[in-house]
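If you're matching positions, the sequence shown starts at 152 in the numbering used here and goes up one per residue. Glycine is no exception: its CB is placed at the ideal position from the N, C-alpha and C atoms. Note that the coordinates shown come from a computational prediction; the quantities given were computed from them, not determined experimentally. Comments concern the structure below.
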Amino acid sequence: MKPGGAAQRRETRRIMVGGVAVGGGAPVSVQTMTKTDTRNVRATLAQIREIELEGCDIVRVAVPDADAAAALRAIRAGTKMALVADIHFDHRLALQALDAGVDGLRINPGNIGSTSRVREIVKAASGRRVPIRIGVNSGSLEKDIAARYGGPVPEALVQSALRHVRILEDAGYREIKISVKASDVRATIAAYRMLADMVEYPLHLGVTEAGTLLAGSVRSAAALGALLSDGIGDTIRISLTAPPPLEVRAGLELLRAFGLRKPGASVISCPTCGRTEVDVAGLAERVERELEKHYRENPEAPRPVVAVMGCQVNGPGEARHADIAVAGGRGKFALYVRGRMRRVVPENAALEAIVEQVRMWRA
Ligand code: SF4
Numbered sequence: 152m153k154p155g156g157a158a159q160r161r162e163t164r165r166i167m168v169g170g171v172a173v174g175g176g177a178p179v180s181v182q183t184m185t186k187t188d189t190r191n192v193r194a195t196l197a198q199i200r201e202i203e204l205e206g207c208d209i210v211r212v213a214v215p216d217a218d219a220a221a222a223l224r225a226i227r228a229g230t231k232m233a234l235v236a237d238i239h240f241d242h243r244l245a246l247q248a249l250d251a252g253v254d255g256l257r258i259n260p261g262n263i264g265s266t267s268r269v270r271e272i273v274k275a276a277s278g279r280r281v282p283i284r285i286g287v288n289s290g291s292l293e294k295d296i297a298a299r300y301g302g303p304v305p306e307a308l309v310q311s312a313l314r315h316v317r318i319l320e321d322a323g324y325r326e327i328k329i330s331v332k333a334s335d336v337r338a339t340i341a342a343y344r345m346l347a348d349m350v351e352y353p354l355h356l357g358v359t360e361a362g363t364l365l366a367g368s369v370r371s372a373a374a375l376g377a378l379l380s381d382g383i384g385d386t387i388r389i390s391l392t393a394p395p396p397l398e399v400r401a402g403l404e405l406l407r408a409f410g411l412r413k414p415g416a417s418v419i420s421c422p423t424c425g426r427t428e429v430d431v432a433g434l435a436e437r438v439e440r441e442l443e444k445h446y447r448e449n450p451e452a453p454r455p456v457v458a459v460m461g462c463q464v465n466g467p468g469e470a471r472h473a474d475i476a477v478a479g480g481r482g483k484f485a486l487y488v489r490g491r492m493r494r495v496v497p498e499n500a501a502l503e504a505i506v507e508q509v510r511m512w513r514a
């Protein structure tokens, strides 16, 4: 372990997903997937914009059919984000996606039929060195491998991934990243650990079908946390049955927990109780979002600790360690800076007052 808790990262080959470096010592990137109908360009671009504001590095869109592939050109024109097309089985969709200018493909070369189709994709991808992610998960395992291992056990996931890798290597292509996602946390950890010892390609970490917001975040944090603490993982996605911006926030928080990203907005808030007469949760949430935005735009800005407390009885005491604090009253907040009460603001002006103090903050 290096000081600060960040593990020595596993050395991997670097690939580029558009402007985002993955592997080879690059920062671990955060990905998510849009949940709109890809054919609906306007809705998809609106969601990509939301994801981008949240701090996401790479976005993936599902390309289930030719209409979705046809929409990629307009989506590409509407965003500068690193854009990956997620394709199953149909190599023509992959060719269309490459032609539309996507920055990455997720496709399993073993599932598209013939070697000549793989070569066609490789030829189209190689000009811009567009990387291909081999994405194995427990649901997509080949029948013969599943039969040999008796199901989607870690060895089976790894063998499937290696088979796909060989197909690309035989076609002369090495712009590869790999994922081996199981829905079981321990199987996911075991599969990635095994694979990390066998290949030099960067790894995309995730747990498949992770679940709802809370359960999925916990499972993903458990699996990805174990791997990140081993130094494994070049890019991550927290899959949740929840809106994509929440996947991004969870991913960023996880990386911060391992010292792999700068700390975000440092907002603490009280759990609230019978004394609370203001919307503490709502204000804390809004403060966090505003400050995250501020720090994204001003990465070097100082990051004072902000406390949002429900009452003036215990609030100021509980917020002792904060640089800036507000403590609620009935429909209002008292504003404290470095422990001293400065003024009282109405509840609806508290966000602005806090953000103003943060912007003026000098360490
Ligand atoms: Fe309750 Fe006040 Fe403590 Fe919040 S700060 S939990 S409102 S006593």
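request  = Sort out for me which residues DSSP pairs T386 with in a bridge.
outcome  = S180, H355
task = Say yes only if the C-beta of N288 is nearer than 6 angstroms to one or more non-hydrogen atoms of ligand 1, and no if none qualify.
result = no
task = Would you kindly work out how many angstroms separate the C-alpha atoms of D430 and E507, rounded to a whole number?
result = 20 angstroms
message = Tell me the rounded alpha-carbon separation between R513 and Y446.
response = 14 angstroms
request  = Would you kindly check if the distance between the Cβ of S330 and the Cβ of S289 is under 7 angstroms?
outcome  = no
ask   = Hey, would you say the C-beta of M184 is under 6 angstroms away from at least one heavy atom of ligand 1?
value = no
task = Would you list the residues sitting across from P497 in a DSSP beta bridge?
result = K483
query = Less than 7 angstroms separating the beta-carbons of L403 and V181?
reply = yes
query = Count the other CB atoms within 10 Å of the CB of N259; is the residue buried (16 or more) or exposed (fewer)?
reply = buried
key: Residues whose Cβ lies closer than 6 angstroms to any heavy atom of ligand 1, in chain order   = C421, P422, T423, C424, R426, T427, M460, G461, C462, V464, N465, G466, E469
message = Please list the terminal residues of the continuous alpha helix (DSSP H) segment that includes S311.
response = 305 to 321
DSSP state of N288 mapped onto helix, strand, coil = strand
inquiry  = Between A312, M184, G410, which has its C-alpha nearest G255's C-alpha?
reply    = M184
Outcome for A233 when other beta-carbon atoms lying within 10 angstroms are tallied against a minimum of 16 = buried
request  = With DSSP collapsed to three states, give me the class of G255.
outcome  = strand
ask   = Rounded C-beta distance between L354 and D385? I'm assuming under 8 angstroms.
value = 6 angstroms
C-alpha distance - V210 paired with H472, whole-angstrom precision = 38 angstroms
ask   = Taking the alpha-carbon positions, what's the G155 to V269 distance?
value = Bear in mind that a pLDDT of 46 at G155, under 50, signals an unreliable position, so the number given afterwards is only what the model happens to contain. The straight-line gap from Cα to Cα measures roughly 44 angstroms.
message = On a Cα-Cα basis, can you pick out the residue from I387, T392, A342 that is closest to L365?
response = T392
query = Buried or exposed: where does V281 fall if 16 or more other Cβ atoms within 10 Å of its Cβ makes it buried?
reply = buried
ask   = Nearest CA to the CA of I199: which residue from G229, N449, R454?
value = G229
Contact between the segment 415 to 425 and the segment 481 to 495 (3+ Cβ pairs under 8 angstroms) = no
task = Would you mind working out which of E443, P303, G286 sits nearest K328, comparing C-alpha positions?
result = G286
inquiry  = Tell me the rounded alpha-carbon separation between E448 and A501.
reply    = 22 angstroms
task = Just mark C424 as buried or exposed, buried being the case when its beta carbon has 16 or more other beta carbons within 10 Å.
result = exposed
query = At which residues does the beta strand (DSSP E) containing K332 begin and terminate?
reply = 327 to 332
Rounded separation between M152 and E162 - CA only = Reliability of the predicted coordinates at M152 is poor, the pLDDT of 44 falling under 50, and the value obtained from them is presented with this limitation in mind. Rounded to the nearest angstrom, the two C-alpha atoms are 15 angstroms apart.
query = In or out: V509 buried (at least 16 other Cβ within 10 Å) or exposed?
reply = buried
request  = For V171, name the three-state secondary structure that DSSP assigns.
outcome  = strand
task = Please go through the same chain and pick out, in chain order, the residues whose beta-carbon is closer than 6 angstroms to the beta-carbon of A377, but skip the five residues on each side of it.
result = I340
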